[in-house]
Amino acid sequence: MSARDLLRRATGSQQAVSREDLEARAASLEEALRAGGERLDPDAAGRGRAVVAKVGERTGLAGGRTVVALAGATGSGKSSLFNALVGSDVARVGARRPTTSTATAAVWGTGPAGPLLDWLRVGRRHEVAEPTAGGDGVDASGGATDLDGLVLLDLPDFDSRVSSHREEVDRLLQLVDVFVWVTDPQKYADAVIHEDYLARLSDHGATMLAVLNQADRLSPEGVAACQQDLRRLLSRDGVDDVEVILTSASTGAGVVELRHRIARSVQGHNAAEQRLLADVRGSARELRAGVAESEPSVGEDADDELVEALSRAAGIPIVLDAVQRDYRNEAWSSTGWPFTRWVRALRPDPLKRLRLPTGDDRRGEAGVTVRDVRSALGRSSLPPPTPAARSAVSLAVRTLGDRASEGLPPRWADAVIEAAGPLDADLGDELDQAVVTTPLRARRPAWWGVCNLLQWLFALTAVAGLVWLVVLAVLGWLQMDTLFEPPRLGPVPWPVVLLGGGLVAGLLLAVLGRAVARVGARRRRRVVARRLRESVERVAGGHIVAPVRQVLADHRRTREALDGARG
Amino acid sequence: MTDTSLSAQRSAQMVTTLVQLREALETARLPLDVPEVEPARKARAEMIDQLEDYVLPRLLQIDAPLLTVVGGSSGAGKSTLVNSLVGERVTETGVLRPTTRSPVLVHNPRDADWFDKARILPDLERTTRASADPGALQLVASEAIPAGLAVLDAPDIDSVEEQNRTLAAQLLGAADLWLFVTSAARYADQVPWEFLKQAAERSAAVAIVLDRTQPSAITEVSAHLARMLTARGLRDSPLFIVPEGEVDEQGLLPSTTVREIRAWLGSLAADAEARTGVVRQTLEGAIRSISRRAHLVADACAEQQQAVSRLHEDVERAYRQAETEIDQASADGTLLRGEVLARWQEFVGTGEFLRRVDAGVSRLRDRITALLKGAPPPSRNLGEALQSGAASLLTSEGQSAAAATVRHWRRLGGGAALVAAHPDLAQGSADLPDTIDRTVRDWQGYVLELVREEGKDKRTGARMLAFGVNGIAVVLMLVAFSQTGGLIGAEVGIAGGAAVLAQRLLEAVFGDQAVRSLAAKARTELIRRTGEVYAAERARFERLLDDVILDPEQPERLSAARAAVETAR
């Protein structure tokens, strides 16, 4: 026994198939088709959907009937065999080929068969009045063959010049439960039956029978050799454990055995499920070929290369420079020398120039805040990314796509790469929004206030000194200076000390403040850089990594669902 | 006499033109999988086979015996019929299908010379023993076959053995006369009728044998078959009926049942004129059909060439697009001015401090330009990381071009199969990033060399000048800063002035035109080097297309050969 047989036995294709199992697997297949979507081979997916639909339709039909089809080449004796099984001449038999042009159904038993036959779209129907057990239906071993529940179909041929016959056969073979392949010593090795039918339906070995009809036309040795050869050809087609029954419709030999064998299928009340299960599994296997064994793992976070490239494309170095300058400007407006502070106001605000929010919600004179402006215009004035920055993003995205699509079949790989996407307008806008919505300023440092206070103090001191000196000068002019001799600090009079000290201290503090502001600006730059990086990471995660992960997750779901359906 | 020599001359001319046509067909390979190529490929193979197996040998030896090929469905009784015609068991019969795998040719001993390998069916080995090798042709000499006639038992046309089907088709193509055997169970099958349709199209001489028919069904079946033959243009073909009957211990049918066929064949063999008639009919039909079908191959050939040129165009377009992108990207002066300036600084060798000042100067200059133009300040990224910037630009464009080409190819006939066979094409070659890094480094070296060449004699002066200008600028800025604490525009003014000076200096050293041409040269060189790298990338696609060597003259040659055949007819 080959490993394949063992597997076949182990997976129980010969055993009864429960309705629940079939429906669960069909649901799995449906789930896989949904998850896989357009990334599955369209033809295979179309067939898969047809299978799912068929399972729903067939299991919805009441009656627990079994549809058995006699299929074969023209002249092999399908109709004669059909008549022999039915027990009366229902189907037309003749020497002229092809004889049968539409399918004929024979129905055994009293259960409702109308909906089933409507579904099969078989118009020619015949009800078989089965004699009570012990009558016609007694086989050689003496047991009653109860065919109650059987719908036997006599199909047209599939090899004649009349192509409509073949279409009808192809349609019905998709729907029937049990296949009885009728062939004869002349035609049993024809390419049509083996290549176009048996090899393609090899999944259904469990619900197949082969009949070598017209066995009476050969000698017994010839028949045995033919039977052996037919078995060999069947196993070459991939259907190993199919019985080859020898019959002769004209002498009636073997018909009882065939009837008995068909009865076994009917009594099992399971052929429909087995056939449908084989369809589901076959379709799942076909689809599974377009799905990889595993998918590359891609973390939620974008890698450094991608974030770096996106940052550059978003103009973040420019923003950071502006932030740094902005900090210095702000610091200067608090800690600078009060007499020259206003000069800075002549320079443009670096953040506003890029139309970035300053976190400054104070109402402007016209009652319009920066935020309002942004919500009206929506976009910063950051320069567009340079070609090099653009290409760095494409490269990083491509690297991610390549990594995430490694080992995937082409359709999935394409989907991954497409999901990673190019640096398009959407991404550009998201990046811009990420920058715009990131707070670029922080709390005003306390030392600015202290410095400010000191600066004003020094300024006031200097002014006080100056005023004192002016007063002294006026008094001197009025020759009254001797009256108000200013106190002296050593040799230097106090007003001069006040003026000079105030000025010098102010200037020194300004220089000191400037140096400290430099350090602070660098620190602010680092803080904002971290925030911006987080924002860009979010964009990269949401816009690039998440879609890729979604495709990979779809792939996993498809794979698991197909494995579930395949069993 | 004149008549014979005229016809001999005509047939010699015909042979020449047909040999030319065969040559043209032989070279008309159809390697691309464009839609609709399969029928053309099949037609080409069939035509070559038919010319070699039948038409040319037949034309050269018009007096050779009439070759009757017994063909038909599996199990119709071809071998039994041949044995019964010969009167002895020359070919294997049996119940297992397919029975005959190796063809058997029965001829009169006097005709033996006609059937050696050089004359007919050159690719089949001759043997005198029975075998199952489909590549062998068993020759049997028998007195039962009249001289001037040979009967060939062919394998079936419809069994699971594909080799049999191919061989049968080839043998029927080489037949002067088809003895097409079918049976009561077979006569409406699709496959035999396809063969009969071909025979009718080629006006091959056909006789039908309805074999294995139950005596009771003979009338009905034969009438139906006759009607079918008439409807399909084979009205004039003789129809013989062989009823299903007992065979003797040798496996032969009673001689009465095949008497009619034997007599008909005998009369053909005896009547040289009738025989030549049959030969001529089939031969001319074959030539007509070949000549008619040759245009199919010519069209397919032209179609292939169009496909190849479309594929070429796609590669061309994608990479040209990539080069254009790079051209545009480098048209932005930052890339080149930054590079030239950097090399300049390297060359002139002003110290690290001054270099920083110089960088500040050029930054200011950019900003002033931006201010004047009203544009936002340019991003300095490219200048800062020129090496990685240019490299990633080139790599990315190269990758995009490969991806774009593959995308286009997938949509084109013939391209999809090539892409599927070479999945690695969708990306640039594996060492593309390395190659490009190397290229950019080389290019930078080139720019340095360029600057060095230009400034060879001016180096000292340049250094002095650079030091002078930058030195003065620094002193001025220091003074201004110490005066104002960097508060007023003076430093800007000085820096601006220094920038102008630096520009003037560079221009003074190199001359205005020289600077411009330096930048232009650097750019041209970058594009040229990129072009080389991309050419190597493109070659990966073009190699695939080069494997598809197609002679542009091919369709015309085929048409010309065909026209010559038509004229000779």
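Keeping their order, the protein sequence lines are chains A and B.
Residue numbers for the first sequence follow my numbering, so the first one is 1 and each next one is one higher.
Residue numbers for the second sequence follow my numbering, so the first one is 1 and each next one is one higher.
By construction, the Cβ of each residue, glycine as well, lies at the ideal position given by its N, Cα and C atoms.
query: Element boundaries [alpha helix (DSSP H), containing I316/A]; result: I316 to T335
query: Secondary structure of R363/A, DSSP reduced to three states; result: Note that R363/A scores a pLDDT of 39, beneath 50, so its modelled location is shaky and nothing firm can be said.
query: Local Cβ density within 10 Å of F484/A, reported as buried at 16 or more and exposed below that; result: exposed
query: Sequence-distant residues of the same chain with beta carbon closer than 6 Å to L283/B, five excluded per side; result: R58
query: Cα-Cα separation between S265/A and S248/A, rounded to whole angstroms; result: 21 Å
query: D623/A at chain B interface by Cβ criterion, 8 Å; result: Because chain A here runs from 1 to 567, residue 623/A falls outside it and cannot be looked at.
query: Pairwise C-alpha distance: L418/B and P112/A; result: 56 Å
query: Chain B residues whose Cβ lies nearer than 8 Å to that of L258/A; result: Going along chain B, no residue has its Cβ under 8 Å from L258/A, so there is no contact; the nearest lies around 20 Å.
query: Short Cβ contact (8 Å threshold) for R214/A with G77/A; result: It is worth fixing the name first, because residue 214/A is Gln in this sequence and not Arg. Against a cut-off of 8 Å, the Cβ pair of G77/A and Q214/A comes out as a contact.
query: R262/B (DSSP reduced to helix, strand or coil); result: helix
query: Beta-carbon contacts of A540/A that lie in its chain and below 7 Å, excluding the five residues immediately before and after; result: A302, L306, V307 and L310
query: Proximal residues to K521/B (C-beta, below 8 Å), its chain only, five neighbours per side dropped; result: L450
query: Residue of R292/B, H422/B and A402/B minimising C-alpha distance to P410/A; result: H422/B
query: The region 144 to 151 of chain B in contact with the region 35 to 44 of chain B per 3-pair CB rule at 8 Å; result: no
query: CB-CB length for L138/B against A130/B, believed under 8 Å; result: For clarity, residue 138/B is Gln in the given sequence; the question names Leu instead. So it is a contact: roughly 6 Å between Cβ atoms.
query: Bounding residues of the beta strand (DSSP E) (the contiguous stretch that carries E183/B); result: Checking the displayed sequence, the identity of residue 183/B turns out to be Ser instead of Glu. Run containing S183/B: L177 to S183, per the beta strand (DSSP E) assignment.
query: Spatial distance of T99/B from L212/A (CA atoms); result: 18 Å
query: First and last residue of the uninterrupted beta strand (DSSP E) at E125/B; result: E125 to T127
query: For E542/B, three-class secondary structure by DSSP; result: helix
query: C-beta atoms of V527/A and A434/A nearer than 8 Å; result: no
query: Helix, strand or coil at E127/A according to DSSP, with G and I counted as helix; result: strand
query: Minimum C-alpha distance to G36/A - residue among V291/A, L351/A and G567/A; result: V291/A
query: Within-8 Å CB hit, C226/A to chain B; result: yes
query: Cβ of E195/A within 8 Å of any chain B Cβ; result: yes
query: Residue-level contact to chain B via CB, R97/A, 8 Å cutoff; result: yes
query: Short CB-CB distance (under 8 Å) between T395/B and chain A; result: yes
query: Closer than 8 Å to chain B by CB, G75/A; result: yes
query: Neighbouring residues, chain A, relative to S392/B (Cβ below 7 Å); result: A388, S391, A392 and L395
query: Under 8 Å between C-beta atoms of G75/B and Q186/A; result: yes
query: Short Cβ contact (8 Å threshold) for R529/B with D431/B; result: no
query: Sub-8 Å separation of Q50/B and A199/B beta-carbons; result: no
query: Contact residues within the region 156 to 168 of chain A, judged by C-beta distance below 7 Å to chain B; result: D159, S160 and R161
query: Contact under 8 Å by Cβ, S396/B with L431/A; result: no
query: CA-to-CA distance, A24/B to Q9/B, given in whole angstroms; result: 23 Å
query: Three-way DSSP call (helix, strand, coil) for M480/A in this model; result: coil
query: Cβ-based burial, M480/A [other Cβ within 10 Å; buried from 16]; result: exposed
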